[in-house]
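See below for the structure under consideration.
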Amino acid sequence: MVQRPRGTRDFGPLESRRRRLLEQVLDNEAVRAGFDRVQTPLFESLDLFTAKSGPGVIGQLYAFEDKGGRPLTLRPELTAPVMRMIAEEMRAEAKPLRLAYHGACFRYEEFKTGRYREFYQYGIEVVGASGPLVDAEVIALAVRMLHATGLKGWTLRIGHVGVLRDVLAGLGLSDVAPEGGEAPISSAMRLLDKGDVNSLQALFAAQGLDAAGLDLLHALGEASGGREALASARPLLKAHGLSLLALDALVETVEALDLLAPAPPALEVDLRVARGLDYYTGMVFEVHVPELGGEGQVLGGGTYNLLHLFGLEDLDPSCGFGLGFDRVLLALEHQAAAEGRTEVLPGESGPSLRLAVVPFRVPAASVLTLVAAVRNAGVVVDLELRGRAIGKSFAWADGLGASHVLVVGPRDLEAGTGNLKRLSDGSQVDVALTASDVLAALNN
RNA sequence: GCUGUGGUGGUGUAGGGGUUAGCACGAGGGAUUGUGGUUCCCUCAGCCCGGGUUCAAUUCCCGGCCACGGCCCCA
């Protein structure tokens with residue numbers, strides 16, 4: 292039998308419903324914060340992603356050539372496509388842009404729980420404005436979204452790449468890249484991100500710097516923790532005569548965040564948060580949940596410079612985040628299971644009013660007008676399509692989750708009525724075969 | 001890329017070198033030609049794939065594939 296490709300998933304009725312609900316919950320929050328949904332193609336030019344992330348990404352891409360020999364790839368993420376879209380057709384729009392998106396992305400890598408080759412990302416970007424207030428708006432939206440999903444026990448970690456850059460520069464590392472190489476600061480950021488202390492020491496030595504500078508980094512790490520880290524970092528930076536601009540901006544962001552969103556279950560300020568990627572320039576943040584083990588990051592974002600790649604330097608930096616749709620859902624499912632709940636998101640079990648119509652030994656055509664009319668009124672109507680015997684019809688209706696069954700047999704048809712039975716208590720009434728009468732009886 | 005565990009009807013499982021491979025749920029039909037969820041009967045449907053050992057492999061061994069974990073990575 293042909294199986295679904297590795298790392299992909301099918302979503303049955305229940306899961307599909309749950310996914311649509313989650314998307315709706317996220318959309319509601321985005322819309323309330325003034326964001327509009329956009330959509331980009333499933334595949335893009337290969338160049339788009341190598342320009343953003345370097346040629347190294349190709350190994351993880353579903354890259355291919357079309358019949359014209361154009362190098363293309365399934366999209367591995369959505370930020371770059373959205374940036375491309377902005378550059379290509381939204382230059383004249385009023386700024387700042389607040390955009391939201393949701394869709395499948397593809398990466399060729401080992402898949403496991405919370406990590407698939409086809410995965411879904413929900414994200415937002417603010418383009419054309421920057422600073423502590425924008426950062427706060429972006430984090431606040433992330434917090435409000437997670438709050439709205441009902442997710443519990445997550446940790447928000449906030450940092451600022453600028454603080455780290457200032458520290459590294461203050462210690463004497465250059466941000467100028469040598470010919471064909473990487474700027475020492477970038478190398479250090481990457482090594483810090485990996486937690487590779489040995490290589491970091493080697494780097495300092497190679498640059499002819501006193502390894503004692505590493506003590507400051509260590510001290511910053513010690514200072515990290517709750518939001519008090521912001522206060523304890525100040526004297527440290529001052530003592531080394533380092534700039535306080537980035538730190539002050541972060542303080543402003545956190546203070547604004549307090550006013551814009553409910554308090555997250557846990558907030559950590561980590562001034563050593565680094566990103567191995569050069570385009571992150573300012574605030575960075577991420578959200579973790581304990582349920583998912585090694586794949587516990589469910590959201591990540593920050594301030595970044597990417598639009599210069601499209602000739603829009605004046606719009607840099609932007610700020611946004613990507614939310615791991617699948618992981619959030621998984622975490623919610625774990626939490627629901629742990630609490631013995633079957634409903635992961637409220638409302639996923641379907642409508643409370645659901646009518647099964649059974650034409651019993653009469654031509655189905657005699658009920659079709661009614662079926663359409665009741666549907667027009669917004670009620671879910673299932674039509675019995677297999678000509679089942681009467682008893683089986685009830686079993687079928689019950690299996691569907693119908694709240695009522697309307698049987699129309701020869702006797703009823705003669706009288707111009709049908710027999711409506713409420714499955715919850717077995718009560719029955721005869722109703723005229725008009726939408727208004729049926730609706731009245733349903734709501735009775 | 002490294003590594004651990006596992007694969008028996010659609011689902012969940014029992015078993016085990018020679019078996020009619022058992023059970024439960026499920027699905028379809030009937031008992032029941034105008035009232036369901038109970039009951040009874042019937043039917044459907046399975047040992048992941050390939051190689052090896054053996055008189056004999058679903059069972060043991062090797063490889064592959066798939067699944068579930070732990071690292072590495074993660075734009």
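Heads up, the final residue of the first sequence is numbered 735 in the working numbering, and it's a clean run with no missing numbers. For every residue, glycine included, the Cβ atom is placed at its ideal position computed from N, Cα and C. Computed from a predicted structure; not experimentally measured.
Listed in chain order, the non-local C-beta contacts of residue 577 below 6 Å within the same chain comprise 448, 588 and 591, local neighbours out to five positions each way being set aside.
Of the residues assessed, residue 486 falls on the exposed side of the cut-off, its CB having fewer than 16 other CB atoms within 10 angstroms. With respect to the C-alpha of residue 625, the residue from 657, 540, 704 and 443 having the closest C-alpha is 443. An exposed status is given to residue 599, since fewer than 16 other beta-carbon atoms sit within 10 Å of its beta-carbon. The straight-line gap separating the alpha-carbon atoms of residue 384 and residue 326 is approximately 14 Å. Judged by DSSP in its simplified three-state form, residue 374 adopts helix.
Residue 525 sits close to residue 535, with the two beta carbons spaced by under 9 Å. As for any alpha helix (DSSP H) of minimum length 4 sitting wholly inside the stretch 414-481, the runs are 423-440 and 452-461, ordered along the chain.
Here the alpha carbon of residue 635 sits roughly 21 Å from the alpha carbon of residue 644. Rounded to whole angstroms, the separation of the alpha carbons of residue 456 and residue 350 is 30 Å. Boundaries of the alpha helix (DSSP H) harbouring residue 667: 656-667, taken from the DSSP string. DSSP, reduced to helix, strand and coil, places residue 495 within a helical segment of the structure shown. Note: residue 585 is not bridge-paired with any residue in the DSSP secondary-structure output. Annotated as distal: residue 482 and residue 500, with beta-carbon spacing of 9 Å or more. DSSP places residue 575 within a strand segment (E or B) once states are collapsed to three. For residue 512, the uninterrupted alpha helix (DSSP H) segment begins and ends at 504-514. Between residue 674 and residue 697 a beta carbon distance of about 10 Å is seen, past the 8 Å cut, so the two are scored as non-contacting. In this structure the stretch 422-432 lies against the stretch 542-555, because at least three pairs of beta carbons, one per stretch, are closer than 8 Å.
In the three-state reduction of the DSSP assignment, residue 599 falls in the helix class. When the beta-carbon positions are compared, residue 413 and residue 438 stay at least 9 Å from each other. In the DSSP annotation of this structure, the continuous segment of the beta strand (DSSP E) that includes residue 697 starts and ends at 695-699. The beta carbons of residue 703 and residue 728 sit no closer together than 9 Å. Selection 618, 355 and 581 evaluated against residue 402 yields 618 as nearest (Cα-Cα). Only buried fits residue 609, as 16 or more other CB atoms lie within 10 angstroms of its CB. Note that the stretch 328-348 does not touch the stretch 297-304; fewer than 3 beta-carbon pairs, one per stretch, sit closer than 8 Å. Here the alpha carbons of residue 358 and residue 630 stand approximately 53 Å from one another.
Non-local C-beta neighbours of residue 421 in its own chain, meaning closer than 6 Å and more than five positions away in sequence, comprise 608, ordered along the chain.
Following the DSSP letters along the chain, one finds residue 364 inside the beta strand (DSSP E) bounded by residues 362-365. With a beta-carbon spacing of about 7 Å, residue 613 and residue 368 fall inside the 8 Å limit used to define contacts. Taking the Cα of residue 522 as reference, the smallest distance to any Cα among 561, 690, 573 and 504 is reached at 561.
Beta-bridge partners of residue 410 (DSSP): 396.
In the displayed model, residue 525 falls within a helix according to three-state DSSP.
The DSSP-derived three-state label of residue 723 is strand. Under DSSP, residue 327 forms a beta bridge with 390.
Residue 619 carries a helical assignment under DSSP once its states are collapsed to helix, strand and coil.
Between residue 332 and residue 372, the C-beta gap is smaller than 9 Å, which places the two residues in contact.
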